[in-house]
Amino acid sequence: MAQPQAWQFGAFTLLPTQRLLLDGEAPVRVGGRALDLLIVLVEAAGKVVGRDELMAGVWKKVVVDEGSLRVHVAALRRALGDDGDARRYIVNVPGRGYSFVGNVSPVASAGLTEAWSKRVEGLSFLPPLLVNVVGRDDAIRDVGRIVAEHRLVSVVGAGGVGKTTVALAAGAQLAPRYRDGARFVDLAPLTDARQLANVWAHAVDPSQPVSDERDLGALLADRQLLIVLDNCEHVVQAAAKLVEVVLAAAPGVHVLATSREPLRATGEWVIRLPSLELPPASGLLTAQQASAFAAVQLFTRRVAANGAGFAFTDEDVPYVTEICWRLDGIPLALELAAGRVAQLGLRGLSERLEDRFALLTKGLRTALPRQQTLRAALDWSYELLSEQQRAVLRRLSIFAGSFSFDSAVAVCEDDVLADPCDSLDELMLKSLLTVDTAGDMTRYRLLETTRAYALEKLNDAGELVAASRRHAHHVCSVFERLEADSPLYGAAWDAGRARWMDDVQRAVQASFCVLRDPDLSLRLLGATASVWYQRSLMDEYRTRAEEALDKAGDLAEQSGANLMRLWYALVLCYWYTRGPGPDMARAARQAYDLARRLGDRDFERLSLWGLWQERNGSGAYAEALELAREYAAVTPPGTEAEAAILGRRMLQWSMHLMGEQESSRREANVALSLIRQIDHRGALGRYQLDPDAAINAALSQALWVGGFPSQALTVAAKAVQSARSVQHALSLCFALFCQCTVLLWCGRWVELGRQADALIDVSADRRLGLWKAWGQTFKDVQGYGAEGVVAPDWRNPVCGLLQIELMATVSDELLDGEALLRTETGQCPWCAPEVLRAHGEKLLRQGSAQEEAEPWFVRALDLARSSKALSWELRAATSLARCWSRQDRRGDAEALLAGVLERCTEGFDTLDVQRAQEGLRS
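Have a look at this one:
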């Protein structure tokens with residue numbers, strides 16, 4: 002019995018000969034395999050067609066798995082709107098097969114066939130995209146433009162990155178340009194590359210079977226057609242050969258291929274599809290700002306689609322950003338993750354992504370098996386590699402960050418893998434390894450998901466210990482060479498070292514946990530000390546170094562240079578995390594003794610800096626000044642400018658604390674002039690603060706004490722800006738500390754609160770206990786200045802004696818007895834006038850007579866004048882004038898205040914000047 006020209010069921014008309022399905026008069030976009038299934042099922046309407054029969058009838062001699070049948074049945078149901086309830090066309094009969102249950106009737110199609118034969122020209126027979134494409138507008142546009150210019154274009158990228166989606170969207174737009182439209186050839190189910198030509202031919206015209214590539218070329222010779230050749234990677238060699246034959250035989254055919262690696266066929270134009278755009282890894286964004294990034298947009302849309310009521314808020318941004326970064330912006334991974342939000346919540350999901358392969362397992366039921374879990378997507382790529390390529394991929398997973406070609410070879414090369422170079426190239430071509438050629442050196446990296454997968458394989462293969470040891474020794478050798486070959490200052494620090502931080506941390510972690518080798522830990526920590534400092538990771542470094550020292554054997558067997566660097570780094574760690582104390586003094590002395598023994602003048606100077614800083618923190622300002630002078634003695638003219646700048650900075654701060662404000666400002670100006678003679682952005686050195694920020698920060702305090710509050714505010718703000726520009730947390734902490742001090746002296750309580758919060762945020766993020774304690778001190782000061790509230794527990798031993806001295810300059814209510822004792826014994830000259838004045842005010846507040854307080858004000862005034870501290874002089878004069886006025890010495894009071902105010906050239910809006918002017922008026 003002859004097949005009817007058309008079948009009708011519901012609103013649909015099926016034209017088998019024309020391979021066309023109509024919904025009313027509109028063509029339905031449905032894939033070629035799905036259309037074949039429909040024809041077989043409709044012809045046997047009401048009967049059960051077995052799975053084997055369906056697969057044999059649709060795929061003929063092509064070997065595919067049963068999952069492909071389920072995928073195409075699901076696609077057909079979607080195209081027909083079959084919801085299994087109100088509208089049913091295809092039912093699954095368990096254990097037997099499928100049956101078409103719609104009411105089917107043959108249709109007389111006179112005239113219909115001819116009309117639609119003309120209208121079918123240029124139609125796209127590509128599978129429809131069922132969701133909106135997110136973040137790929139530029140890629141789709143580029144693909145469309147390039148396909149118009151080149152006959153073979155390959156969209157290449159990692160698994161799950163969205164290659165098929167981009168190709169289908171571009172193909173749908175391009176189809177009308179071709180007389181015979183577009184066809185979709187899905188190679189994913191193909192298990193026998195010899196069937197490639199037959200699969201291709203079937204997608205174009207099932208009525209014309211072919212036996213080889215020559216027959217396929219002949220079939221397509223007169224066609225003007227776009228072929229979307231999807232999922233080529235597992236048959237890439239056969240695909241490349243077949244494409245070349247077709248393009249030679251059929252000049253009207255263009256091929257748009259997708260693959261995880263290029264076909265490497267003649268005339269191929271490759272477009273590498275990157276991950277979706279990610280938001281900044283750090284920094285505060287609103288939900289609206291974050292949604293401008295494609296990865297966030299896709300993830301939040303899919304979350305909303307999976308669970309009613311989801312609304313992306315500002316509070317969600319940190320968790321969503323973390324998820325997007327951890328999943329590399331890969332669309333498949335983001336969609337799988339979105340399906341877990343209803344169960345775990347955003348925060349729970351972000352915290353559990355270490356176990357991503359067990360977690361991300363709920364893909365669409367209709368997706369291909371390799372797209373239903375994150376592990377399956379990577380398994381697909383891994384199984385296509387040669388054994389050597391797999392071994393190289395496993396070993397590269399030991400890198401935590403990007404790496405150079407030489408580093409890759411150092412970790413991979415051994416007796417087993419004598420030459421990993423070809424494997425590196427192949428991994429890059431197969432989209433398992435990304436490459437960045439933007440800098441002065443080509444860098445490689447694994448996507449985070451790929452790295453996690455390969456690291457799991459490394460462990461399963463029993464290779465983790467060996468790879469960890471090679472990696473740790475390589476990191477050591479790199480940094481030991483850098484430390485030996487680079488000057489201590491200036492160009493010694495560069496962005497290249499910063500890129501190593503993740504690998505440094507991984508190597509140190511492995512030396513403790515995987516290798517259990519404390520001697521290697523010490524070697525690593527000594528060699529890499531500078532990079533920990535420049536990343537302001539002082540607390541973590543201290544913990545690791547103390548553990549290594551505790552577990553190590555004979556330290557005499559360690560490299561002296563490495564130990565010297567480690568002890569000096571510990572000086573910095575103790576200072577920034579715990580403040581001054583015996584541990585800091587011991588570490589500085591150890592570093593100093595080693596430097597002297599090794600004849601290393603640079604580290605001798607740095608160790609003197611450590612001893613100097615410890616003495617300052619302990620309140621021994623006179624001893625610290627002597628150490629600063631000793632530093633100057635071992636830094637003769639002609640020494641590197643950066644070393645001389647550090648010496649001037651030490652003298653600058655010591656002079657300030659010794660009450661010699663003019664000398665302090667002079668040293669600062671000399672240091673700043675030295676900075677202008679060099680590229681100060683390269684003068685950060687390995688172990689120091691940004692010199693421009695540090696010198697201006699300290700200068701701001703000397704300026705204020707000297708009577709220049711407006712300049713002090715300007716210079717302090719400049720120091721903070723400079724510290725932010727170099728993105729060095731320790732430099733920023735010191736700059737904020739000095740700015741907060743100037744703000745509290747000027748009575749700028751609101752701005753003080755903001756900058757104190759900034760200091761707390763920066764220091765808390767890096768666990769810098771010293772600066773966090775100072776941030777809280779300034780918050781206590783702000784509370785007192787703005788609301789008059791005295792914090793009962795404002796003393797913090799981490800801040801040292803400087804804290805009690807500074808608090809005495811805020812109010813007599815905050816004057817501590819130890820500050821007065823230190824003043825009377827000459828141990829804190831920088832604030833002595835103000836401490837004496839505060840004690841006089843405290844006596845009056847406690848009910849003493851004016852005559853009893855007066856001598857303290859007189860002493861404060863005389864001491865301020867002798868040290869040329871105009872701001873302290875103004876405060877002392879204001880207190881003394883008030884005292885005299887109450888003793889009927891108004892003329893003396895007026896003359897005193899007028900004389901001091903006359904010498905004030907700026908800062909007329911500050912609290913001290915306003916109080917003095919008010920006293921003069923009253």
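Heads up: the sequence shown is residues 2 to 923, going by my numbering. Note that CB positions come from ideal geometry on N, CA and C, so glycine has one too.
- Put simply, the stretch 181-191 touches the stretch 230-238. At least three CB pairs are less than 8 angstroms apart.
- By the criterion of at least three beta-carbon pairs nearer than 8 angstroms, the stretch 552-570 is not in contact with the stretch 786-794.
- Around the beta-carbon of Arg-97, fewer than 16 other beta-carbon atoms lie within 10 Å, marking it exposed.
- One alpha carbon belongs to Trp-60, the other to Pro-207, and they sit about 10 angstroms apart.
- Relative to Leu-428, the option among Glu-150, Pro-177, Ser-398, Gln-390 whose CA is nearest is Gln-390.
- Taking C-beta separations shorter than 6 angstroms and ignoring five residues to either side along the sequence, the partners of Lys-431 in its chain run Arg-261, Glu-262, following chain order.
- Linking Arg-34 to Leu-243 through their CA atoms gives a straight-line distance of about 21 angstroms.
- Using a Cβ distance threshold of 8 angstroms, Phe-101 and Ala-57 do not count as a contacting pair.
- In the three-state scheme derived from DSSP, where H, G and I count as helix and E and B as strand, Pro-107 is classed as strand.
- When secondary structure is reduced to three states using DSSP, Leu-285 falls in the coil class, being assigned neither helix nor strand.
- As DSSP reads the structure, Pro-28 sits in a beta bridge with Leu-23.
- Taking Pro-107 as reference, the option from Gly-158, Val-94, Ile-40, Phe-126 with the minimal CA-CA separation is Ile-40.
- If the five residues before and after Gly-784 are omitted, its C-beta is found closer than 7 angstroms to the C-beta atoms of Val-790, Ala-792, all from its own chain and listed in chain order.
- Asp-913 sits buried, since 16 or more C-beta atoms from the chains shown fall within 10 Å of its C-beta.
- Contact between the stretch 646-662 and the stretch 618-633 is established, with three or more Cβ pairs separated by less than 8 angstroms.
- Closest in alpha carbon position to Arg-796, among Gln-777, Ser-812, Ser-537, is Gln-777.
- Secondary structure remark: continuous alpha helix (DSSP H) runs of at least 4 residues inside the stretch 663-707, in chain order: 692-706.
- From the listed residues Phe-294, Gln-851, Leu-875, Glu-384, the smallest Cα separation to Leu-862 is found for Leu-875.
- Within the same chain, and ignoring the five residues on either side of Ala-592 in sequence, the residues whose Cβ sits closer than 7 angstroms to its Cβ are Met-565, Trp-568, Tyr-569, Val-572, Phe-604, Ser-608, Gly-611.
- His-255 carries a strand assignment under DSSP once its states are collapsed to helix, strand and coil.
- In the structure shown, Gln-9 adopts extended strand secondary structure according to DSSP, grouped into three states.
- Rounded to whole angstroms, Leu-803 and Arg-749 show a C-alpha spacing of 21 angstroms.
- Ala-759 and Arg-517 have their alpha carbons spaced roughly 39 angstroms apart.
- Look at Ser-537 here: in three-state DSSP terms it is coil, with no helix or strand label.
- Here the stretch 551-561 does not lie against the stretch 737-745, with fewer than 3 beta-carbon pairs under 8 angstroms apart.
- Apart from the 5 residues on each side of it in sequence, Leu-23 sits with its Cβ closer than 6 angstroms to the Cβ of Thr-14 in its chain, given in chain order.
- When the beta-carbon positions are compared, Asp-762 and Ser-723 stay at least 8 angstroms from each other.
- In this structure, the CA atom of Val-635 is about 7 angstroms from the CA atom of Arg-606.
- A contact between stretches requires three or more CB pairs, one per stretch, nearer than 8 angstroms, and the stretch 893-913 meets this requirement with the stretch 699-715.
- Within the same chain, and ignoring the five residues on either side of Ala-642 in sequence, the residues whose Cβ sits closer than 7 angstroms to its Cβ are Leu-675, Gln-678, Ile-679.
- Within the same chain, Ala-553, Gly-554, Glu-558, Gln-559 come within 8 angstroms of Asp-520 by CB-CB distance, once the 5 residues on both sides are set aside.
- DSSP places Thr-438 in the coil class of the three-state scheme, outside both helix and strand.
- In chain order, Gln-653, Ile-696, Leu-700 place their CB closer than 6 angstroms to the CB of Ala-669, counting only its own chain and leaving out the 5 sequence neighbours on each side.
- Contact between Leu-837 and Trp-857 holds: their C-beta atoms lie close to 5 angstroms from each other, under 8 angstroms.
- If the five residues before and after Gly-308 are omitted, its C-beta is found closer than 6 angstroms to the C-beta atoms of Ala-343, all from its own chain and listed in chain order.
- DSSP, read as helix, strand or coil, puts Phe-709 in coil.
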